[in-house]
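Engineer: Chains as they are written, first to last, in the working numbering: chain A, 1 to 445; chain B, 446 to 890. We put the CB at the ideal spot given by N, CA and C, even for glycine. All values derive from a computational prediction rather than experimental measurement.
Protein chains: 2
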Amino acid sequence: MSEFEEPAIGDTRLSEADLRDAWRVLDTSERAEGFRLLNPTEGEEFFIDLSAGDQLALFTALSPAEQRFWLRALPPDDCADLVQEALPEDRPAMLALLDEALRREVRTLLAYAEDDAGGLMSTRFARVRPEMTVDEAILYLRKQANAQLETIYYGYVLDREQRLLGVVSLRQLFQAKGNALVSDVMHTDLVQVPEEMDQELVGRTFAEHDLVALPVVDSSGRMKGIVTVDDIVDVVQEEATEDIQKIGGSEALDAPYLEVSVLQMVKKRAGWLAILFVGEMFTAPVVDHYAEHIQQATVLASLMPLIISGGGNAGSQASTLVIRAMALGEARLSDWVRVLRRELLAGTVLGLALGLVGMLRIVAWEGISGDYGPHYLILGVTVGVSVVGVVLWGTITGAMLPLALRRLGFDPASASAPLVATLVDVTGLLIYFGLATALLAGTML
Amino acid sequence: MSEFEEPAIGDTRLSEADLRDAWRVLDTSERAEGFRLLNPTEGEEFFIDLSAGDQLALFTALSPAEQRFWLRALPPDDCADLVQEALPEDRPAMLALLDEALRREVRTLLAYAEDDAGGLMSTRFARVRPEMTVDEAILYLRKQANAQLETIYYGYVLDREQRLLGVVSLRQLFQAKGNALVSDVMHTDLVQVPEEMDQELVGRTFAEHDLVALPVVDSSGRMKGIVTVDDIVDVVQEEATEDIQKIGGSEALDAPYLEVSVLQMVKKRAGWLAILFVGEMFTAPVVDHYAEHIQQATVLASLMPLIISGGGNAGSQASTLVIRAMALGEARLSDWVRVLRRELLAGTVLGLALGLVGMLRIVAWEGISGDYGPHYLILGVTVGVSVVGVVLWGTITGAMLPLALRRLGFDPASASAPLVATLVDVTGLLIYFGLATALLAGTML
Chain A
1 MSEFEEPAIG
11 DTRLSEADLR
21 DAWRVLDTSE
31 RAEGFRLLNP
41 TEGEEFFIDL
51 SAGDQLALFT
61 ALSPAEQRFW
71 LRALPPDDCA
81 DLVQEALPED
91 RPAMLALLDE
101 ALRREVRTLL
111 AYAEDDAGGL
121 MSTRFARVRP
131 EMTVDEAILY
141 LRKQANAQLE
151 TIYYGYVLDR
161 EQRLLGVVSL
171 RQLFQAKGNA
181 LVSDVMHTDL
191 VQVPEEMDQE
201 LVGRTFAEHD
211 LVALPVVDSS
221 GRMKGIVTVD
231 DIVDVVQEEA
241 TEDIQKIGGS
251 EALDAPYLEV
261 SVLQMVKKRA
271 GWLAILFVGE
281 MFTAPVVDHY
291 AEHIQQATVL
301 ASLMPLIISG
311 GGNAGSQAST
321 LVIRAMALGE
331 ARLSDWVRVL
341 RRELLAGTVL
351 GLALGLVGML
361 RIVAWEGISG
371 DYGPHYLILG
381 VTVGVSVVGV
391 VLWGTITGAM
401 LPLALRRLGF
411 DPASASAPLV
421 ATLVDVTGLL
431 IYFGLATALL
441 AGTML
Chain B
446 MSEFEEPAIG
456 DTRLSEADLR
466 DAWRVLDTSE
476 RAEGFRLLNP
486 TEGEEFFIDL
496 SAGDQLALFT
506 ALSPAEQRFW
516 LRALPPDDCA
526 DLVQEALPED
536 RPAMLALLDE
546 ALRREVRTLL
556 AYAEDDAGGL
566 MSTRFARVRP
576 EMTVDEAILY
586 LRKQANAQLE
596 TIYYGYVLDR
606 EQRLLGVVSL
616 RQLFQAKGNA
626 LVSDVMHTDL
636 VQVPEEMDQE
646 LVGRTFAEHD
656 LVALPVVDSS
666 GRMKGIVTVD
676 DIVDVVQEEA
686 TEDIQKIGGS
696 EALDAPYLEV
706 SVLQMVKKRA
716 GWLAILFVGE
726 MFTAPVVDHY
736 AEHIQQATVL
746 ASLMPLIISG
756 GGNAGSQAST
766 LVIRAMALGE
776 ARLSDWVRVL
786 RRELLAGTVL
796 GLALGLVGML
806 RIVAWEGISG
816 DYGPHYLILG
826 VTVGVSVVGV
836 VLWGTITGAM
846 LPLALRRLGF
856 DPASASAPLV
866 ATLVDVTGLL
876 IYFGLATALL
886 AGTML
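1. Could I get the ranges of all uninterrupted alpha helix (DSSP H) runs contained in the region 195 to 245 of chain A, with 4 residues as the minimum, in chain order?
2. Distance, Cα to Cα, residue 874 (chain B) vs residue 317 (chain A)?
3. Under 6 Å: does the beta carbon of residue 860 (chain B) sit that close to some heavy atom of the ligand NAD?
4. Which word fits residue 447 (chain B), buried or exposed, when buried means at least 16 other C-beta atoms lie within 10 angstroms of its C-beta?
5. Could you work out which residues of chain B lie near residue 232 (chain A), taking near to mean beta carbons separated by less than 7 Å?
6. Cα-Cα, which of B:589, B:783, B:609, B:818 is closest to residue 575 (chain B)?
7. Are the C-beta of residue 820 (chain B) and some C-beta of chain A separated by less than 7 Å?
8. Less than 7 Å between the beta carbons of residue 869 (chain B) and residue 756 (chain B), yes or no?
9. So, for residue 547 (chain B): in the same chain, excluding its five sequence neighbours on each side, which residues have a beta-carbon less than 8 Å away from its beta-carbon?
10. Is residue 370 (chain A) helix, strand or coil when you go by DSSP?
11. When you compare each of B:735, B:679, B:531 to residue 882 (chain B) by their alpha carbons, which one comes out closest?
12. Take every Cβ of the region 534 to 552 of chain B, pair it with every Cβ of the region 616 to 626 of chain B, and state whether three or more of those distances are shorter than 8 Å.
13. Let me know the secondary structure DSSP gives residue 158 (chain A) once reduced to three states.
14. Between the alpha carbons of residue 695 (chain B) and residue 713 (chain B), how many angstroms are there, rounded?
15. Can you look up residue 831 (chain B) in the DSSP assignment and give me helix, strand or coil?
16. So, with DSSP's three-state summary, where would you put residue 556 (chain B)?
17. Provide the residue(s) that pair with residue 613 (chain B) in DSSP beta bridges, ordered along the chain.
18. Give me the chain A residues within the contact set of residue 740 (chain B), using Cβ-Cβ distance strictly less than 7 Å, ordered along the chain.
19. At 4 residues or longer, and completely inside the region 267 to 311 of chain A: list those alpha helix (DSSP H) runs for me, N to C.
20. Based on Cα-Cα distance, which residue from B:731, B:505, B:515 lies nearest to residue 486 (chain B)?
21. Alpha carbons only, please: which of B:788, B:634, B:596, B:686 is nearest the one belonging to residue 845 (chain B)?
22. With distance defined between alpha-carbon atoms, name the residue in A:257, A:187, A:331, A:53 nearest to residue 470 (chain B).
23. Out of curiosity, what's the CA-to-CA distance linking residue 305 (chain A) and residue 727 (chain B)?
24. I need the DSSP call for residue 574 (chain B), collapsed to helix, strand or coil.
25. Going by the DSSP bridge assignment, what does residue 68 (chain A) pair with across the sheet?
26. Inspect the beta-carbon positions of residue 688 (chain B) and residue 772 (chain B) and report whether they are closer than 7 Å.
27. By alpha-carbon positions, which one of B:600, B:564, B:635, B:722 ends up nearest to residue 615 (chain B)?
28. For residue 445 (chain A), name the three-state secondary structure that DSSP assigns.
29. Restricting to Cα atoms, I'd like to know which of A:415, A:189, A:106 is closest to residue 245 (chain A).
30. Are at least three pairs of beta-carbons, each pair with one atom in the region 818 to 831 of chain B and one in the region 845 to 859 of chain B, less than 8 Å apart?
31. Which residues, in order along the region 680 to 696 of chain B, keep a beta-carbon less than 7 Å from a beta-carbon of chain A?
32. From the DSSP output, in three-state form, read off residue 15 (chain A) for me.
33. What does a CB cutoff of less than 7 Å around residue 837 (chain B) pick up in its chain, not counting 5 residues either side in sequence?
34. Excluding five sequence neighbours on each side, which residues of the same chain lie with their C-beta closer than 6 Å to the C-beta of residue 432 (chain A)?
35. In terms of residue numbering, what span does the alpha helix (DSSP H) encompassing residue 593 (chain B) cover?
36. From the DSSP output, in three-state form, read off residue 808 (chain B) for me.
This is the structure we're talking about:
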């Protein structure tokens, strides 16, 4: 490990905290240089704490000897994440840096989808046998302190076929009589997850049960690994980030905002923006259809943005509330009738409130300026009724769209605020001009 | 504990999993009934796992004897959360159910804001002394297995003034020589947080360092408690939920979507909806100002929704990306120039792309229908240039608004998609009609 001895530049030592603070403003070669200034223990902690993306960038800037050292320093699950982050063509060379045993473990983990329970788990958990005594189990776990296990605080009790029978914590063992059997003190009422469970659901399982580690089993109940809660904090952050970015109307960036290139970012944003733009084009023929009305009363055109935006805003509220409720498991597909009933009620109340404000606006403005002429009252009613209709429609569309997307196998978070607003704009104009034609015929039209 | 013996209804026993599955569709008295059917161990686990809101509802439905039992069964931090959830006038009666020692602990915790590190922490951590030997420390932690400590896997090394000197894990102790001193094996390079740190930042600290527990210290470095990662998963979920609901243009619901009453929900949504509606009213005078132009060319009115929505959508994308980057600590206030530079570039490229699509739309439609007349080319140019301007303006507004809100002490997440769209609508109309006046004078106008 000669490459990790005192650096040449005098006796400068950098602390982990210093490097962490400066990290964001350093370029890759500066990062590698700073990283080499850490002492080996701090360096290891620092490297493990980096995101897979940052690890890969740093890894690429290191010498082959350093690469071998640091790759082997990672636990197998983190090592698999790092390899997964690399381009497919670079992966074999990375795997070649590992020793045979680690390579086998990493290969197994790479076979899982990155965002499955299997892709998150560590294969290095402590196995205890049901027929051990408590004292034997404590001794065994204690001996594993130096082993590269994810945790020694939980012993998983497996039968000869590797099927999970129970779990026992070191704390439970400390509380039990030394000559009792593990099978008598273990917890058998287990929360466990299948290896193909999506990480979003794994995160929810942790949140619901306040767990520290969760065993992962295959379809025949054989235990494959454990997911630990410290990895789950990242998963929950990541899933929320994806949802938020989709709700805003982009694709998920999959990287920190300031680190993704502008070109990459434009690509993630242009697709939806173009689709929404094309969708919004359907507003033009609707308005064109009522061109004569607008000729007779341009006020119809000037109130247009007010009325359709009310529907879009109400729809954005409803869709984000429902998207989040679905992500948290608070609302399921089967709840759609309850959601519909609630939003019908909420949309009606909100529509009536805004409609009243809209009507008062027309009446008050007439009082101040006299712009709207003799038929201002019926114009006020038209605006009021249109707002009720558009807000109610927007609310229902916004609430039902995420459920419909899930039903069709899409991500509910794609029911973004801009998408809902766009859908509601076209129909909102139909509602507005339809009502105006009916209510204003013979007066303003 | 006679009230928790076998229930009267035959020998029906309910499992925790059954009750959990049915929970959402049961009303409060059914929940209490089901809860009484659990065996005591499962009941305790079940009760502790409930959210504070559910705990309170269940608690209220129980008999006084049951209330005393279950309140005392909670660890002090969870107990404080439950008391906090109750109405202020009900809290003294709840505190009176506790024994003196627990009441003192809960009172201390209640003094912290609910979403501070202090409000999250448990005061029951294991204290070890620096001059203990490793064997003594192991023996001491082992003896604490029955105590109501949050964890026995970490010993916090304090001096006589309760100042935190270091931390040592049980695993480290197992690895060390039995006669070594705790002060020699402990970790001194500590990540610790002040008691008043906001929970969002506490969550980020966990995510960055992959920690299991984090010590909380007061301003003079005295250790007050620990926050454990299993509580943090909930915090991260909760903070993301608040942000998502704000991004959608509501206030945070602070309760599961299907459980909050419709009235309560309408209250959380009506405020912003009304503000946005009033804000959007400023579009009417802008369009009115150009009423003559619209009389001459109603096509200007029919293209209005298309052009302003492009700006709103681009703005929603930019604001949600920046809001999330700020929440994750990826972008800070001081990064505003970098954000501005990136969004200027992205906004220009996106604007040019959409502008081109808009222009082609006019030209193509003219080819199909001949609706736009002889000046269709200059109309196409007007639409194209307007879209570039509006999209660029929307992008900049969306990206800068969250930063401006943070600078002024508000929550960046209040820069919701609907708020950005509303702001951009008014200015977007000015850009559009201004350009139309300049470019179409002498042809269509």
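Structural biologist: Reading it off the structure:
1. Those alpha helix (DSSP H) runs which fall completely within the region 195 to 245 of chain A and span 4+ residues are 199 to 209.
2. Looking at the two C-alpha atoms, the distance is approximately 24 Å.
3. Of ligands this structure carries none, so the ligand NAD is not represented either.
4. Low confidence applies to residue 447 (chain B): its pLDDT is 35, below 50, so where it sits in the model is not reliable enough to give any reading.
5. By Cβ distance, chain B contributes 678.
6. Comparing Cα positions, the closest option is B:609.
7. Against chain A, the CB of residue 820 (chain B) has no partner CB under 7 Å away; the residue lies outside that interface.
8. At a Cβ-Cβ threshold of 7 Å, residue 869 (chain B) and residue 756 (chain B) count as neighbours.
9. Taken in chain order, the residues that qualify are 517, 521, 524.
10. If DSSP states are grouped into helix, strand and coil, residue 370 (chain A) belongs with coil.
11. It is B:735 whose Cα lies nearest to the Cα of residue 882 (chain B).
12. Touching, no.
13. Residue state, collapsed to three classes: strand.
14. If you take the alpha carbons of residue 695 (chain B) and residue 713 (chain B), they lie about 6 Å apart.
15. Of the three classes helix, strand and coil, the one that applies to residue 831 (chain B) here is helix, per DSSP.
16. It is coil, neither helix nor strand.
17. Within the DSSP secondary-structure output, residue 613 (chain B) pairs in a beta bridge with B:600.
18. Within 7 Å Cβ-Cβ: 295, 298.
19. Under the rule that a run must span 4 or more residues, the alpha helix (DSSP H) segments found entirely inside the region 267 to 311 of chain A read 283 to 289, 291 to 296, 299 to 302.
20. Out of B:731, B:505, B:515, the CA that lies nearest to the CA of residue 486 (chain B) is found in B:515.
21. When each option's Cα is compared against that of residue 845 (chain B), the closest is B:788.
22. Closest in alpha carbon position to residue 470 (chain B), among A:257, A:187, A:331, A:53, is A:331.
23. Rounded to the nearest angstrom, the two C-alpha atoms are 10 Å apart.
24. Under the three-state reduction of DSSP, residue 574 (chain B) is assigned to coil, being neither helix nor strand.
25. Partner(s): none; residue 68 (chain A) has no beta bridge.
26. The beta carbons of residue 688 (chain B) and residue 772 (chain B) sit closer together than 7 Å.
27. Looking at B:600, B:564, B:635, B:722, the one whose alpha-carbon comes closest to that of residue 615 (chain B) is B:600.
28. The three-state secondary structure of residue 445 (chain A), taken from DSSP, is coil.
29. Minimum Cα distance to residue 245 (chain A) is reached at A:415.
30. No, they do not touch.
31. Those would be 681, 682, 685, 686, 688, 689, 690, 692, 693, 694, 695, in chain order.
32. Residue 15 (chain A): coil per DSSP, three-state reduction.
33. Taken in chain order, the residues that qualify are 792, 793, 796.
34. If we look at residue 432 (chain A) and ignore the five residues flanking it on each side, its Cβ neighbours are 307, 386.
35. That residue, residue 593 (chain B), is in no alpha helix (DSSP H); it is neither H nor E in DSSP.
36. When DSSP states are grouped into helix, strand and coil, residue 808 (chain B) belongs to the helix group.
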